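Since the structure comes first, as structure tokens, the remarks are kept for the end.
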Amino acid sequence: MRFGRRNKISISSAALDTSGAENGTNTDANAREYKNAERDPEKNPFLQRNVSKPTTDLDTLIHLIKGSFGTGVFATPFAFANAGMVTGLFGSLIIGFICSHCVHILVKSAHELCWRHQIPALGFGGIAEVTFREGPEKTRKLGVVVKIIIQVMVMIIAIGVCTIFQVFVAANISQVINYYTDSNIDIKLYILMVSVVAAALGMIKSLRVLAPFSLLSNVLVLASVIIVFIYVFDDLPSITERPAFMPAIRLPIFFSIIVYSLEGINVVMPLENNMKNPQNFLGRFNVLNTGLAIIVCLFTFVGFFGYLKYGEETEGSISLNLPNNEILAQSSKIMLSIGILLSHPLQFYCGVEFTWAKLSPKIEKRWPKFSGTLGEYIYRLFLMLITTGLAIGVPFFDALIGIGGSVCLSTLGLLFPTTIETIVYWRNWGKWNWKLWKNILIFLFGLLVFVTGLAGRFLVTLIIAYSDKMDCEIESKISVRNGTVIENGDLLTSDGRIYKNGTFWYEYNWWWICPCLMPGPCIRTCAETLRNETLIEIWDGINSTSVVITDHFNVVYDAFCLDKTPLVGPEVNNSYEFLSNGTLVILNDGSNASMGQSFRPEIYCVDFTEELQLTAYECYDLRNEKKDIWVDVILITNMFFTVLAFLAYQFLPETKTLHTQAICGYTASYFVFSLTLIFYYHNEFSDVFIYIIQLISPCAMLASFLWVTVMCFDMYTTFRSFKPKKCSIKFWQASAFAWGSPVVAYASCILWNFVSLVLTSEAERTTRLNVLDKTFEDTLPVFVYVIGATILINVGLLVSTSFNVFRAILEGMRNLQTSESRIQSSDNDVKQFLLS
Numbered sequence: 001m002r003f004g005r006r007n008k009i010s011i012s013s014a015a016l017d018t019s020g021a022e023n024g025t026n027t028d029a030n031a032r033e034y035k036n037a038e039r040d041p042e043k044n045p046f047l048q049r050n051v052s053k054p055t056t057d058l059d060t061l062i063h064l065i066k067g068s069f070g071t072g073v074f075a076t077p078f079a080f081a082n083a084g085m086v087t088g089l090f091g092s093l094i095i096g097f098i099c100s101h102c103v104h105i106l107v108k109s110a111h112e113l114c115w116r117h118q119i120p121a122l123g124f125g126g127i128a129e130v131t132f133r134e135g136p137e138k139t140r141k142l143g144v145v146v147k148i149i150i151q152v153m154v155m156i157i158a159i160g161v162c163t164i165f166q167v168f169v170a171a172n173i174s175q176v177i178n179y180y181t182d183s184n185i186d187i188k189l190y191i192l193m194v195s196v197v198a199a200a201l202g203m204i205k206s207l208r209v210l211a212p213f214s215l216l217s218n219v220l221v222l223a224s225v226i227i228v229f230i231y232v233f234d235d236l237p238s239i240t241e242r243p244a245f246m247p248a249i250r251l252p253i254f255f256s257i258i259v260y261s262l263e264g265i266n267v268v269m270p271l272e273n274n275m276k277n278p279q280n281f282l283g284r285f286n287v288l289n290t291g292l293a294i295i296v297c298l299f300t301f302v303g304f305f306g307y308l309k310y311g312e313e314t315e316g317s318i319s320l321n322l323p324n325n326e327i328l329a330q331s332s333k334i335m336l337s338i339g340i341l342l343s344h345p346l347q348f349y350c351g352v353e354f355t356w357a358k359l360s361p362k363i364e365k366r367w368p369k370f371s372g373t374l375g376e377y378i379y380r381l382f383l384m385l386i387t388t389g390l391a392i393g394v395p396f397f398d399a400l401i402g403i404g405g406s407v408c409l410s411t412l413g414l415l416f417p418t419t420i421e422t423i424v425y426w427r428n429w430g431k432w433n434w435k436l437w438k439n440i441l442i443f444l445f446g447l448l449v450f451v452t453g454l455a456g457r458f459l460v461t462l463i464i465a466y467s468d469k470m471d472c473e474i475e476s477k478i479s480v481r482n483g484t485v486i487e488n489g490d491l492l493t494s495d496g497r498i499y500k501n502g503t504f505w506y507e508y509n510w511w512w513i514c515p516c517l518m519p520g521p522c523i524r525t526c527a528e529t530l531r532n533e534t535l536i537e538i539w540d541g542i543n544s545t546s547v548v549i550t551d552h553f554n555v556v557y558d559a560f561c562l563d564k565t566p567l568v569g570p571e572v573n574n575s576y577e578f579l580s581n582g583t584l585v586i587l588n589d590g591s592n593a594s595m596g597q598s599f600r601p602e603i604y605c606v607d608f609t610e611e612l613q614l615t616a617y618e619c620y621d622l623r624n625e626k627k628d629i630w631v632d633v634i635l636i637t638n639m640f641f642t643v644l645a646f647l648a649y650q651f652l653p654e655t656k657t658l659h660t661q662a663i664c665g666y667t668a669s670y671f672v673f674s675l676t677l678i679f680y681y682h683n684e685f686s687d688v689f690i691y692i693i694q695l696i697s698p699c700a701m702l703a704s705f706l707w708v709t710v711m712c713f714d715m716y717t718t719f720r721s722f723k724p725k726k727c728s729i730k731f732w733q734a735s736a737f738a739w740g741s742p743v744v745a746y747a748s749c750i751l752w753n754f755v756s757l758v759l760t761s762e763a764e765r766t767t768r769l770n771v772l773d774k775t776f777e778d779t780l781p782v783f784v785y786v787i788g789a790t791i792l793i794n795v796g797l798l799v800s801t802s803f804n805v806f807r808a809i810l811e812g813m814r815n816l817q818t819s820e821s822r823i824q825s826s827d828n829d830v831k832q833f834l835l836s
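Residue numbers (full-length UniProt numbering): 1 to 836.
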């Protein structure tokens with residue numbers, strides 16, 4: 001464990017020796033020793049801390065408030081809009097209390113472990129490692145695994161939050177500048193400018209030096225909140241005008257926003273480890289409770305009155321409800337942006353601190369010139385380049401980090417603290433085991449937040465990805481610079497046109513109008529313009545009428561219909577008809593294979609030849625547009641785990657096991673699979689390249705599932721008996737199984753197709769040749785069956801392993817209780833002997 005700038009503390013195996021826990025020879029003795037050590041000031045482990053620039057109680061309080069006081073406070077009114085006045089008020093207070101309690105028990109458990117093992121300081125991952133190594137024998141090997149999981153989650157949060165901060169600051173600044181300069185500079189340039197300032201602040205390595213920046217950030221964000229309240233309390237409506245409750249289906253969004261806004265647990269332990277007087281962190285009116293009470297009350301206050309003011313019109317951030325053309329509102333955005341920018345180095349510090357502590361010794365051995373301060377500056381600059389690259393190059397990153405935040409923060413903030421306290425105090429859960437029952441209830445609540453928050457975030461992601469607005473941004477939109485919204489909600493443009501309410505939106509100082517949002521059916525075209533004389537036959541259920549296509553449909557140009565197959569027209573000999581809602585129906589294609597098949601306007605586009613003959617194409621990229629989004633999601637999320645798994649395997653000696661090798665193999669295989677889908681769905685390549693992609697994609701997909709099988713088998717063999725045993729499988733054997741099996745399966749499919757082709761008649765051979773051209777579609781069902789069987793095997797191995805672990809834990813607890821009873825009996829015998 002590393003804290004400060006120079007001091008390095010390692011957790012010795014002697015300090016964590018729990019060998020006597022199995023037979024009970026030293027359990028009570030150690031417990032009494034820890035209790036006595038707690039009362040002995042000379043054994044205070046905090047006195048052994050050697051922090052070069054420790055923070056005062058006030059510095060820590062400022063940083064603690066800054067850790068949660070950011071963009072989340074402006075999202076709480078939207079959370080109330082998904083819960084109602086009563087549910088939002090009491091729900092936010094209860095969730096705030098639970099989150100605060102979990103932070104409290106985490107720090108309390110850390111202090112208890114420091115006293116027991118005389119360790120000066122512990123990070124979040126170190127707390128989990130020591131805790132699990134203290135527990136029953138079956139949990140001890142999980143210490144390193146849980147530690148890595150926690151560190152990965154903390155790193156994901158740090159990188160994600162820093163990336164979102166850059167995007168948020170750049171977007172606000174660009175809106176204000178574009179409003180006054182009438183320019184339309186790309187937001188990516190603003191992100192680059194913001195990243196320069198963020199990189200300079202990210203070079204600060206001391207929390208003591210960062211304290212003034214956090215204080216100024218808190219002041220600016222608070223000033224922005226005050227300006228928001230100036231607008232909120234102007235003509236505030238009655239509380240009876242807002243619903244007290246909302247449908248339960250909207251609660252997941254409420255849970256995820258409140259937990260995401262309140263949780264700053266990733267900054268808690270770094271702050272506590274750098275305190276001059278860490279014993280002042282806990283207490284009734286000390287740093288932790290004071291800071292969390294201020295945060296919870298302020299967030300609840302903003303959420304309650306923000307929703308009371310704007311109701312269902314509340315935006316995702318209440319700052320968006322402020323008028324864009326008023327200087328006071330614009331100053332609020334500027335102060336908020338500067339405040340968020342100044343809070344960037346605190347979040348960045350938490351991500352750098354524990355990772356550099358692990359990387360520094362390795363770098364010092366391999367590259368001595370880059371050790372010390374120079375190496376740390378290079379590493380910080382490298383992480384800044386990653387965050388800036390994600391901010392510029394990754395679409396939907398805000399939605400993705402919302403998903404990651406829901407997963408990581410609910411796990412770090414609710415699930416792990418309760419588990420840690422349960423194991424740390426498992427010898428004394430209090431009267432009627434109240435600590436155990438309390439932690440079980442909080443753990444179940446954490447699972448509820450995890451599941452509902454994840455579902456809510458996925459729902460928000462889908463809404464963002466597939467909304468009509470996003471469709472229009474991708475396909476076709478009309479941009480209007482000068483427009484005014486009139487009293488009935490319609491948009492009146494400077495050239496006298498009127499667009500109905502609901503068919504337009506305002507973004508980047510432009511009005512955007514979507515034809516597909518206007519009344520009437522919408523149809524896509526592969527040509528930018530259609531001739532006025534172009535006619536199309538429309539069937540209304542009774543009569544067939546020839547109409548001009550632009551008169552009957554709202555036409556949008558689809559520039560992304562690249563991978564397409566002709567449905568009607570000169571190339572295809574069939575009969576068809578268009579319904580009045582734009583649906584294309586195939587009546588007869590000659591083979592009766594597609595007779596009666598219908599195609600929605602969303603998945604085909606029309607074009608016309610020079611002779612004005614209609615041609616319609618099925619657009620595979622439109623039919624598979626959900627795959628496009630999910631491929632991006634899979635690739636981005638998997639990229640984190642691929643890099644972090646590789647770094648963990650390279651720089652952590654304790655992780656050089658088959659299980660970690662299997663994790664690296666899984667992430668690498670899944671990354672290759674995601675990358676092949678990106679190439680397949682998003683780009684246009686030659687047929688040879690696409691054919692190679694089709695060969696690699698299913699093999700990589702199946703390999704990822706087989707690597708999971710290796711992990712499950714490793715856990716099964718390790719925990720099959722009471723004493724854990726190392727799996728006998730070598731890495732090369734696992735690699736041959738995981739990567740060789742898909743190749744064998746694919747080769748078998750190709751061989752089967754070839755044999756089938758030879759056995760077919762000459763008349764059918766042409767059709768079979770066309771099938772062979774689609775190797776990916778031919779072999780995919782086979783891979784699906786193999787993957788299904790693999791999933792069943794993995795589930796069986798996991799269930800069996802869980803049963804073995806649970807049985808071993810119960811047996812270990814029974815042995816400990818028996819040993820404690822024997823020790824107590826021996827003590828009584830000794831007392832009776834002495835008395836006699």
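Glycine is no exception: its CB is placed at the ideal position from the N, C-alpha and C atoms. If you're wondering where the values come from, they're calculated on a predicted model, not measured in any experiment.
Handout entry: contact_flag[the region 657-667, the region 726-740] where n(CB pairs < 8 Å) is 3 or more
Key = yes
Exercise for the section: Please work out which residues of its chain come closer than 7 Å, Cβ to Cβ, to Gln151, disregarding the five sequence neighbours upstream and downstream, and give them in chain order. Expected result: Gly125 and Phe354
Handout entry: Cβ shell of Phe450 (< 6 Å), same chain only, five flanking positions each side left out
Key = Excluding positions up to five away in sequence, the list reads Ser410.
Practice task
Enumerate in chain order the residues of its own chain whose CB-to-CB distance from Glu764 is below 6 Å, with the five nearest sequence positions on each side excluded.
Solution key: Per-residue confidence for Glu764 stands at a pLDDT of 46, beneath the threshold of 50, marking its modelled position as unreliable; the derived number appears in the next sentence. Closer than 6 Å at the Cβ level, and outside the excluded window around Glu764, lies no residue.
Problem - Nearest candidate by alpha-carbon position, reference Leu61, set Ala789, Ile334 and Leu215 - result: Leu215
Exercise for the section: Could you check if Met203 is buried or exposed, using at least 16 other CB atoms within 10 Å of its CB as the buried criterion? Expected result: exposed
Exercise for the section: Provide the residue(s) that pair with Tyr576 in DSSP beta bridges, ordered along the chain. Expected result: Answer is Ile586.
Practice task
Would you tell me roughly how many angstroms separate the C-alpha atoms of Gly375 and Ala223, rounded to the nearest one?
Solution key: Going by the C-alpha atoms only, they are around 38 Å apart.
Exercise for the section: Under 6 Å Cβ to Cβ from Ser100, same chain only, skipping five residues before and after it: list those, please. Expected result: Leu292
Exercise for the section: Note down the Cα distance separating Gly788 from Met275, rounded to an integer number of angstroms. Expected result: 53 Å
Practice task
List the residues that DSSP assigns as beta-bridge partners of Pro54.
Solution key: Bridge partners of Pro54: none, in fact.
Exercise for the section: Could you give the DSSP three-state label for Glu241: helix, strand or coil? Expected result: helix
Exercise for the section: Out of Cys162, Val302, Phe132 and Ala75, state which residue places its alpha-carbon closest to the alpha-carbon of Tyr425. Expected result: Considering only Cys162, Val302, Phe132 and Ala75, the residue with the shortest C-alpha distance to Tyr425 is Phe132.
Exercise for the section: Per DSSP, which residues does Cys619 bridge with? Please list them. Expected result: For Cys619, which the question treats as bridged, DSSP gives the partners Lys564.
Practice task
Would you kindly report the start and end of the unbroken beta strand (DSSP E) that includes Ser546?
Solution key: Ser544 to Val548
Problem - Spatial distance of Lys43 from Gln118 (CA atoms) - result: 8 Å
Practice task
Indicate the three-state DSSP secondary structure (helix, strand or coil) for Tyr179 in the structure shown.
Solution key: helix
Exercise for the section: Would you please state the rounded distance, in angstroms, between the beta carbons of Gly306 and Thr314? I believe it to be under 8 Å. Expected result: 7 Å
Problem - First and last residue of the uninterrupted alpha helix (DSSP H) at Val209 - result: It spans Leu207 to Val232 - the alpha helix (DSSP H) in which Val209 sits, taken as one unbroken run.
Exercise for the section: Go ahead and label Phe348 buried or exposed: buried means 16 or more other beta carbons lie within 10 angstroms of its beta carbon, across all protein chains shown. Expected result: buried
Practice task
Sort Ile338, Leu113, Val352 and Pro368 by Cα distance to Thr387 and report the nearest one.
Solution key: Val352
Problem - Which residues DSSP lists as bridging Glu134, in chain order - result: DSSP lists no partner for Glu134.
Practice task
Would you mind working out which of Val176, Ala170 and Thr657 sits nearest Glu326, comparing C-alpha positions?
Solution key: Val176
Practice task
Taking the CB atoms as reference points, tell me whether Phe304 and Gly70 lie closer together than 8 Å.
Solution key: Going by C-beta atoms, Phe304 is not nearer than 8 Å to Gly70.
Exercise for the section: Locate the alpha helix (DSSP H) running through Thr87, then write down its first and last residues. Expected result: Start and end: Met85 to His117.
Handout entry: First and last residue of the uninterrupted beta strand (DSSP E) at Arg524
Key = Cys522 to Thr525
Handout entry: Top-ranked residue by Cα proximity to Phe803, from Pro417, Thr717, Lys66 and Ser728
Key = Thr717
Problem - Distance between beta carbons of Ala747 and Val786, contact taken as under 8 Å - result: Separation of the CB atoms of Val786 and Ala747 is rounded to 13 Å, and the pair is thereby denied contact status at 8 Å.
Handout entry: Straight-line Cα distance separating Gln48 from Asp714
Key = 40 Å
Problem - Backbone CA spacing between Pro120 and Tyr260 [nearest angstrom] - result: Between Pro120 and Tyr260, the C-alpha separation is close to 31 Å.
Exercise for the section: Measure the Cβ-Cβ separation of Pro77 and Val221 and say whether it is below 8 Å. Expected result: no
Exercise for the section: Could you tell me whether the Cβ atoms of Val228 and Ser343 are closer together than 8 Å? Expected result: no
Practice task
Under the assumption that Val169 contacts Ile340 (Cβ atoms under 8 Å), give the Cβ distance between them as a whole number of angstroms.
Solution key: 6 Å
Handout entry: Limits of the unbroken alpha helix (DSSP H) element including Ile204
Key = It is not in any alpha helix (DSSP H) - Ile204 carries neither H nor E in the DSSP assignment.
Problem - Leu436 (DSSP reduced to helix, strand or coil) - result: helix
Problem - C-alpha gap between Trp434 and Pro252, whole angstroms - result: One C-alpha to the other measures close to 29 Å.
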